[in-house]
Every structure is written in structure tokens, then in C-alpha cells.
Amino acid sequence: MQQLGLNEIREQFLSFFEQKGHLRNPSFSLVPQNDKSLILINSGMAPLKPYFSGEVTPPSRRMCSCQKCIRTLDIENVGKTSRHGTFFEMLGNFSFGDYFKREALPWSWEFLTMTMGLDADKLYPSVYLEDDEAFDIWVNVVGVPAERVTRLGKADNFWEIGSGPCGPCSEIYFDRGEENGCGSPDCAPGCDCDRFIEVWNNVFTQFNNDGNGNYTPLAQKNIDTGMGLERLACVVQGVSNLFEVDTIFKVLQRVCALAGVTYKANEKNDVSIRIITDHTRSATMLIGDGVLPSNEGRGYILRRLLRRAARHGRLLGINGTFLHELCQTVIAESQQAYPELRERAELIVRVVATEEDNFNRTLDAGLRQLVQTTDDMKKQARSQMTGAEAFKLYDTYGFPVDLTLELLEEQALTLDREGFDALMQQQRERAREARKAAGDFSWASQDLGLDRDLKTQFIGYEQLTGEGRVLALLGPDGLCEQADNGTAVSLVLDVTPFYAESGGQVADHGTLTAKDGKVRVDDVQKTRDGKFVHSGQVIEGIVSRGDAVLCEVDAERRGAIMRAHSATHLLQAAMRVVLGAHVEQSGSYVEPDRLRFDFTHFSALTADECQRIMALVNDYVLQGHAIATEVVSLDEAKKRGAMALFGEKYGDEVRLVQMGDVSLELCGGTHAANTALVGLFSLESDSSVAAGTRRVEATVGKAVLGKLQQQSQLIGTLTEQFKTSEAELLPRVAQTLTAFQTLQKQQRAQSEQQLAQQALVAAEQANHVGSVKVMTLTLPAVDKKVLQTAGDTLKDRYPYLVALLASEEPDKVTLLAVCGKGAIEKGVKAGDVIKAATAAVNGSGGGRPDSAMGGTKEVHRVAEAMAAAVAYVEGLM
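Following this line, the structure appears as C-alpha cells:
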């Protein structure tokens with residue numbers, strides 16, 4: 014048997030089937046496209062379902078692939094065993110109505126025995142109990158002895174999921190030897206022990222199940238072969254489990270090196286090592302396909318994997334962030350097959366480092382609260398955490414419930430999961446109601462009474478005016494035949510030049526003119542089935558259903574929107590130059606001469622970065638690149654290197670927008686004809702949206718001109734007021750500011766001297782209360798620092814003095830209490846004095862025994878506060 018690496022096995026499989034006339038198909042993204050039934054791709058055939066069903070014509074009737082897959086249903090078992098993993102690669106050869114069993118079975122045997130060099134005597138085929146055809150091929154065509162072909166029942170060797178296409182299977186098992194078996198004399202393929210391991214599964218989709226147990230032959234018979242690459246590598250490399258396969262073992266060794274531990278020396282450590290190894294592989298692949306950490310959907314799966322791995326790093330004694338280092342090992346081992354990992358290496362590493370760093374803080378706070386809660390449970394002799402306690406951990410501390418469950422399980426404790434889920438559902442309901450209250454625009458075709466297949470023809474790329482017909486008219490009370498002057502109305506047209514809000518670009522405005530009336534259009538939305546709904550108000554006469562209308566888009570506004578949209582593309586290109594290739598768009602909003610752009614990045618932009626980005630965008634503008642658009646196939650766009658949005662669904666044909674050699678993107682929006690028409694570009698702000706995602710806002714065109722005019726007017730006003738030239742303005746302002754600050758210091762020093770003198774006089778005249786002296790002093794508005802300086806002077810000079818100072822302002826009073834050392838020894842504390850004073854006048858305050866501060870908004874009651882303080886001291890004496 015050859016000693017082949019995992020990457021070599023993958024390549025040999027794909028090359029083998031290419032030689033058999035198969036089209037090699039690269040792995041689809043882990044993010045399903047046009048398939049809402051899956052969160053993530055979990056099998057080799059999942060992305061090919063449209064080809065099997067006949068919905069889409071495949072590029073070839075014979076295809077082969079190595080598909081990335083993620084399964085997390087049994088994530089709790091990952092690490093506890095050496096067999097479970099969340100990420101795996103599925104080798105597959107597929108026939109869509111082309112070849113069938115007579116070709117598929119011999120080819121599978123040929124690949125395993127001839128290409129992989131497996132010992133034929135250790136391979137055992139299985140067939141479905143009633144599949145005599147497959148049995149005959151194995152025995153009489155391939156030449157496998159009949160006694161080595163096992164017939165298995167429907168549970169093992171028949172593939173179906175409810176109604177629809179289905180069929181028998183034929184698997185090939187590899188005998189790992191009696192030492193790995195259960196010892197039973199009946200041990201054979203299909204046994205649950207570890208002796209016979211399945212390495213190949215041929216699925217023959219040849220029947221249709223009507224859901225009632227009736228099976229009829231399919232007109233088109235298909236082949237769906239599934240073979241786990243890691244499992245095959247285990248057999249070829251002679252290792253016992255997937256964690257010892259060469260590429261995976263390198264990641265595992267890196268974990269051990271970072272933790273300073275040895276694999277297979279301690280079972281508890283081994284669990285953590287395997288979890289970190291597996292989860293890092295999965296996270297790397299997910300981010301490489303555009304998934305970012307979030308609190309829902311596939312983003313939450315990624316977050317859960319990273320958090321679970323980070324926690325087990327803590328258990329191994331690894332301090333700080335480390336997972337990003339492991340990602341680099343995963344990338345190095347897999348980039349040959351998956352070049353997107355190399356292209357997005359910087360993004361992957363930074364996303365993981367940021368997420369792990371954030372989680373370390375969450376983990377510390379959550380763990381402290383969890384420990385406190387479990388300690389309380391033990392004191393109360395409770396073995397179950399309430400749903401409310403777990404929800405507080407999640408909602409207040411961001412502590413994931415699956416991690417709570419895992420930690421409770423380690424202490425033989427349980428969770429009231431139903432109670433937690435009920436609270437989560439209540440939270441979702443509140444969020445749903447909030448969204449409803451905010452308004453949720455949604456049009457359904459049945460509301461309009463129109464054919465679902467009817468779509469509005471958009472002509473707005475080429476022209477800003479055109480003729481359309483009113484297909485449906487909606488007034489305040491719903492569908493109607495006509496609407497008159499002053500009525501709020503929405504119209505569905507068959508043809509329109511108005512751009513409907515989508516892709517982050519706002520809708521066009523303008524007018525619709527009918528023979529008897531006119532409508533002002535303030536918004537345009539697109540229904541799910543492609544109808545454009547124009548909303549606004551009838552501003553003249555009457556508009557009726559069926560009217561022919563002249564559509565006129567506000568050209569000036571559209572021009573401003575196009576400037577901003579084109580600038581958005583230039584901005585992304587500049588950011589990738591200045592910040593790095595990890596920058597990917599994660600959202601945008603384009604309106605007249607203004608734009609908002611969300612992107613993947615992990616720190617605030619520095620002033621230098623902002624200046625460089627602005628300069629580069631303006632360079633692109635001034636270079637005057639022609640902006641060309643064309644409709645091409647998605648494959649052609651990808652070959653040309655066009656940028657696409659992560660998670661965006663694209664059809665077979667896409668619209669490609671190119672700006673010279675600066676930018677090439679898939680985009681359905683409207684654009685200027687040349688970058689020079691953007692005019693000017695100004696970056697206005699940078700802020701954080703979420704971990705690893707930032708937002709910038711910018712202005713272009715006339716908005717920048719307006720800003721420059723305002724700045725020019727401001728400078729003109731300042732030069733006039735300071736009686737200087739523009740060139741000398743900054744030095745004059747600096748000189749004036751210095752003089753002002755000097756004057757402020759002089760005034761403060763004078764105030765301090767005057768207040769200190771007043772306070773000293775008041776202290777000398779203070780009355781004795783028992784063994785201490787008590788003084789009160791009310792002053793006009795005084796700076797807090799000045800007040801505190803006076804208080805410090807008093808308590809230092811008079812050890813047995815208790816003083817209460819008040820600073821009156823129009824809307825509040827600031828109170829300061831101080832006590833000398835002797836007064837404190839007599840039992841008087843400034844914090845208690847200030848509390849007594851403020852409590853009497855609905856205020857608040859507190860502080861140290863020698864100095865405390867408070868206040869009240871009841872300005873007219875200062876005397877009451879003073880009296881309450883004196884009374885408090887008298888009570889102590």
C-alpha cells in the first residue's frame with residue numbers, strides 16, 4: 014500500500030474520475046446557495062440537489078468533487094471519542110442519467126485496489142438485500158467471491174429521505190483485523206465494532222417513493238458516490254482515527270506544542286486537544302467561506318466552535334489567545350485544495366484572534382457568575398440550575414447556554430432547559446413585536462391580485478424616462494380602481510426606469526404622469542416575485558388602474574446616488590490597499606452624495622489611514638477611469654476575479670461593474686459613467702458595528718462642495734474676528750487661547766485666595782458643639798476644585814473643625830463636608846455629615862471620613878441642609 018498524504022489522496026481521486034470522463038468541480042461554499050433547508054453544507058451531494066432533481070441542467074452529466082462539509086449535531090461527542098469531528102471532506106463521483114451500476118461498482122474497486130493499492134482480500138462489498146443486480150456485478154464482473162459480498166437490510170443499504178428519489182446502496186468495507194473487532198464469530202460488515210470500516214458508498218437513485226411505500230422506477234437513474242476523505246486516509250495511512258491523519262495530526266501537534274502537553278499521556282487533556290484541533294479546522298473553513306461570528310444561524314455555529322475551543326485551551330493551561338496560530342497551520346495544510354484559505358488568510362487569522370480575545374473577557378465574567386450560582390445551588394442542595402439563572406448568564410454576561418450545559422455536566426449538575434428555552438422565546442417575541450412596531454415593508458403577489466410570474470421590466474440602467482402601465486393600484490384602504498388628488502397611493506407598473514431600493518442603494522424619486530393625473534414617487538420597493546411598487550401621493554387629478562403613465566426619474570437625485578455608489582466601489586478598493594486584503598464588504602447604504610460602508614476590520618482607523626484612504630479614492634476619481642457594466646455568466650465573472658458579497662445569492666448571469674484596473678465587482682446598482690463624475694470624496698467618520706466589523710461614512714460630489722463652502726465661510730468669519738490673514742489664523746488662535754488660559758489660572762488663584770480667607774474667618778467664628786467646632790458657609794457659584802482646595806486648608810489647619818461649604822448655582826447646589834483629624838477621632842465623619850445634609854433636601858452624596866461631596870437641585874433649601882448637618886453633629890456629641 015502506498016503511503017499517501019491526505020492531499021495526495023484527494024488529488025488522485027479527482028484525477029482518476031477525470032480520466033473516466035468526469036468534470037472536476039471545485040468544492041462549493043459551506044454556505045448553501047438557494048437552499049433554505051440547510052444552514053451549512055453537510056454532505057457531498059447537498060449542493061448538487063438541483064442537478065439530481067432536474068431543476069437545473071448540470072454542466073456535465075458526469076461530475077466529481079471533493080466537498081467541504083460541516084456537521085455539528087453530535088458536537089458534544091467531539092473530543093470524547095477519536096472518531097467524531099465537525100469538519101470533513103467528502104469525495105464524490107456523480108452521474109446524472111448517464112452511467113449506472115455496471116460502471117460505478119468496477120470503478121470504485123479499481124480506484125481502491127489499483128490507485129490506492131489496498132489489499133483486495135481486505136475489501137468486503139455489501140449490497141441491499143434485494144439488489145441482485147449489484148450482487149451479480151460484484152461477483153461476475155468485478156470477481157469478488159460471493160461469500161465476501163454481504164446483503165444488508167433497508168436500514169443499512171437503502172437511501173431515502175421521506176418521499177422523492179431514493180434507491181439501494183452498495184458499500185465497500187475495509188477489514189482492519191480481528192484485533193479491532195468485537196470477538197463475535199458473527200462479526201462481519203455492518204457490525205458496530207471497529208473491525209470493518211466503510212470506505213465507499215455507492216448510492217443508486219433509481220426509484221421514486223410516493224410517500225406511501227410505493228416505489229416506481231425513475232426515468233433518469235443517477236449515481237451518488239460518497240466517500241469520507243479522512244476515513245479513507247485512515248485506511249491508506251494505517252492509522253486508527255482521523256486525528257492521526259497527516260494534515261490533521263500536524264494541527265494536533267501544534268496544539269500540544271502551544272500547551273506544553275503530550276498527546277495520549279492524559280485522557281482529560283486528550284479530549285481538549287481533539288476538540289481544539291477539530292474546531293479550529295471547522296472555524297478556519299467557515300471564515301474562509303465568508304461566515305463571521307454572530308449570535309444566530311451559521312454565525313452562531315462558528316462562534317460556538319471558537320468559544321468551545323478557547324475554553325479547552327484554558328483547561329490545557331494556555332493563557333491568552335492562541336487559536337489564530339492554529340488557523341495558520343490549517344491554512345498551510347489545506348490551501349492547495351482550497352485557495353480561498355490563502356486568499357483570506359489575514360481575515361481568518363484576525364477574525365479568530367478578535368473573537369477569542371472578546372470571549373476571554375466574556376469567559377472570565379461568566380465563569381465567576383457561574384461559580385457563584387453553582388456554589389449557591391450546592392448550599393441549597395439543588396442539582397438543577399433554573400432556566401432564569403442560565404438565561405441571566407446568557408443575557409447579562411453573554412455566556413452561551415451550551416457552555417453552561419457542558420460545565421454543569423462536568424459537575425454532575427443539570428439545567429432546566431425548557432425554562433431557559435421559554436425565556437429565550439419570550440425574548441424573540443419581544444424582538445419580533447419591536448420589529449413590527451418599527452414597520453416591516455412586505456408586499457405579496459396575492460395582495461396585488463396579479464400573476465406570480467409577471468415581473469416588472471426595469472429599464473433604468475439605460476434611461477431615466479419611459480412609459481409603463483398601472484397593473485395594480487393601492488390606496489389607504491387597499492386595492493382600488495382609482496385615486497384622486499391628495500391620496501397616498503402605491504402603483505405596480507409593468508415597465509419602469511425607477512430603481513427599487515436594493516443592494517444598499519436607496520430608491521429613485523420622480524413622477525408618474527397619466528392622462529388625467531400625476532403621482533409624486535417618494536419610494537420604490539421590489540416584491541419577492543419581482544414586481545416594482547411605486548409609493549407616493551397623487552398631486553394632480555385622478556390616476557386609475559390600467560392607465561398608461563409617463564415615468565420620469567429625478568435625474569439630479571439619481572446622478573447624486575450614482576456618484577455615491579461608484580465611490581463605494583472605489584472606497585473598498587482603496588481600503589484593501591491601505592488596510593489589507595482582509596477587507597470585505599458586509600453591508601452598505603448609498604443615498605444622494607452620501608454613503609455608509611460596513612467592512613471587516615479589527616481596529617479603529619488611525620488618522621493616517623483615513624488620510625491615505627481619502628487620498629487614494631480621490632486619486633482614482635481624478636484618474637478618470639471609465640465605468641463599464643456588462644452581463645456575463647457567474648463563472649466568467651469569477652474567472653476574471655470579480656469581487657462578490659459573502660452570502661449573496663447570484664444567478665447564472667450577473668452584472669459586472671468595472672472601473673479601469675481599480676475595481677471589478679458584481680453589482681446590480683446604478684453607477685456614473687466615469688470615476689471623474691464622483692467629483693470629490695471625503696471620509697467623515699469611523700465607528701464599530703460589531704466585533705470584527707466597522708463602519709465608515711463618507712460624502713461625495715456636491716455634499717463635499719457644500720462642506721468646503723461652510724469651512725471657507727467659517728475661516729472667513731474667524732479671520733475677520735481675529736483681524737488677521739488666513740495664513741496667520743492658526744498662530745493668532747493659539748496666542749489667544751494661551752492668553753485666555755493664563756487669565757483663567759489667575760482668576761482661579763484669586764478665587765482660591767478669596768475663598769480661603771472667607772473660610773478662615775468663618776472657622777475662627779465657628780460655634781463649639783461639644784468637643785468640636787462646627788462651621789457653615791454658603792457661597793455663590795464656585796468651581797469644585799476651588800471648593801475642595803478651601804476644604805483641604807480648613808481640615809489641615811483646624812483638627813477639631815467640622816465644616817460644611819455650599820456653592821450655589823441657578824439650578825443646583827454643590828455641598829462639601831470636611832473633618833479635621835481630631836473631629837474624626839471624636840466620631841464625626843464627613844461622609845455621614847454630607848449624607849445627613851443631602852437627605853434633608855432630596856439630594857445625595859458621600860465620601861471619605863475627612864472629605865465628602867454631595868448636592869441637591871432644591872436651591873432654595875440650602876439653609877435646611879446646613880441645619881440638618883449641624884443637628885447631626887449635635888446628636889453625636
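Numbering (my numbering) for the sequence shown: 14 to 890. Beta carbons: idealized from backbone N, C-alpha and C, even for Gly. If you're wondering where the values come from, they're calculated on a predicted model, not measured in any experiment.
Assigned secondary structure, residue i (DSSP; H/G/I helix, E/B strand, else coil)
i: R708; result: strand
i: P744; result: helix
i: D497; result: strand
i: N279; result: coil
i: R208; result: coil
i: E887; result: helix
i: V875; result: helix
i: G660; result: Bear in mind that the predicted position of G660 carries a pLDDT of just 45, short of 50, making it too unreliable to give a figure here.
i: A457; result: Caution is warranted here: a pLDDT of 43 is assigned to A457, below 50, making its placement in the model unreliable, and no coordinate value can be reported.
i: Y474; result: coil
i: L104; result: strand
i: V274; result: coil
i: T524; result: strand
i: K49; result: coil
i: K449; result: Reliability fails at K449, whose pLDDT of 49 lies under 50, so the model's placement of it is uncertain and the value that follows must be treated cautiously. It is helical.
i: I83; result: strand
i: Y813; result: coil
i: I5; result: The requested residue 5 is not part of the displayed model; the chain covers only 14 to 890.
i: Y351; result: coil
Residue i - partner residues in DSSP beta bridges
i: T827; result: S820 and G868
i: T909; result: The structure shown does not extend to residue 909, since the chain spans only 14 to 890, so no value can be given for it.
i: M672; result: I640 and S676
i: L504; result: L486 and H547
i: V702; result: According to DSSP, V702 bridges with nothing at all.
i: M893; result: The requested residue 893 is not part of the displayed model; the chain covers only 14 to 890.
i: D536; result: S548
i: V216; result: C182 and D237
C-beta contact flag for residue i and residue j at 8 Å
i: L718; j: L690; result: no
i: A836; j: V785; result: yes
i: V264; j: R287; result: no
i: V886; j: V846; result: yes
i: L53; j: R357; result: no
i: T409; j: D429; result: no
i: D302; j: L43; result: yes
i: V566; j: P510; result: yes
i: K825; j: V782; result: no
i: F753; j: V746; result: no
i: D172; j: V162; result: For the record, residue 172 in the displayed sequence is Trp; it is not Asp. Cβ atoms of W172 and V162: not closer than 8 Å.
i: L829; j: M879; result: no
i: Q671; j: V603; result: no
i: G860; j: A884; result: no
i: G682; j: G516; result: yes
i: L36; j: P45; result: no
i: L136; j: I185; result: yes
i: S599; j: F615; result: no
i: L563; j: V590; result: no
i: E368; j: T386; result: no
i: S176; j: N222; result: yes
Any non-hydrogen atom of the ligand ZN closer than 7 Å to residue i Cβ
i: L743; result: Summarising the ligand content, the structure contains no ligands, and the ligand ZN is consequently not present.
> Any chance the stretch 239-248 sits against the stretch 205-219, with 3 or more Cβ pairs inside 8 Å?
Replying inline: yes
> Does the stretch 264-282 come close enough to the stretch 328-335 that 3 or more CB-CB pairs lie under 8 Å?
Replying inline: yes
> How about the stretch 314-322 and the stretch 409-420: do they share at least three Cβ pairs that are nearer than 8 Å?
Replying inline: yes
> In chain order, which beta strand (DSSP E) runs of at least 3 residues are fully inside the stretch 538-595?
Replying inline: 545-557 and 561-566
>> Please give me, in chain order, every unbroken run of the alpha helix (DSSP H) with length at least 4 that falls completely inside the stretch 728-803.
In response: 742-777
>> Across the stretch 668-677 and the stretch 633-643, are there enough close Cβ pairs to call them in contact, namely three or more that are closer than 8 Å?
In response: yes
> Does the stretch 251-270 touch the stretch 129-143, meaning 3 or more C-beta pairs lie closer than 8 Å?
Replying inline: no
> Given 8 Å as the limit, is there contact between the stretch 493-513 and the stretch 581-589, that is, 3 or more CB pairs closer than that?
Replying inline: no
> Taking contact to mean at least 3 C-beta pairs separated by less than 8 Å, is the stretch 217-227 in contact with the stretch 195-204?
Replying inline: no
>> Does the structure place the stretch 61-69 close enough to the stretch 244-260 that three or more beta carbon pairs sit under 8 Å?
In response: no
>> Just to confirm the assignment: which complete alpha helix (DSSP H) runs, minimum length 4, are found wholly within the stretch 139-165?
In response: 145-149
> If you pair each beta-carbon of the stretch 792-808 with each one of the stretch 764-780, do three or more pairs fall below 8 Å?
Replying inline: yes
>> Is it the case that the stretch 372-386 contacts the stretch 341-358, given that we only count it when at least three CB pairs across the two stretches are under 8 Å?
In response: no
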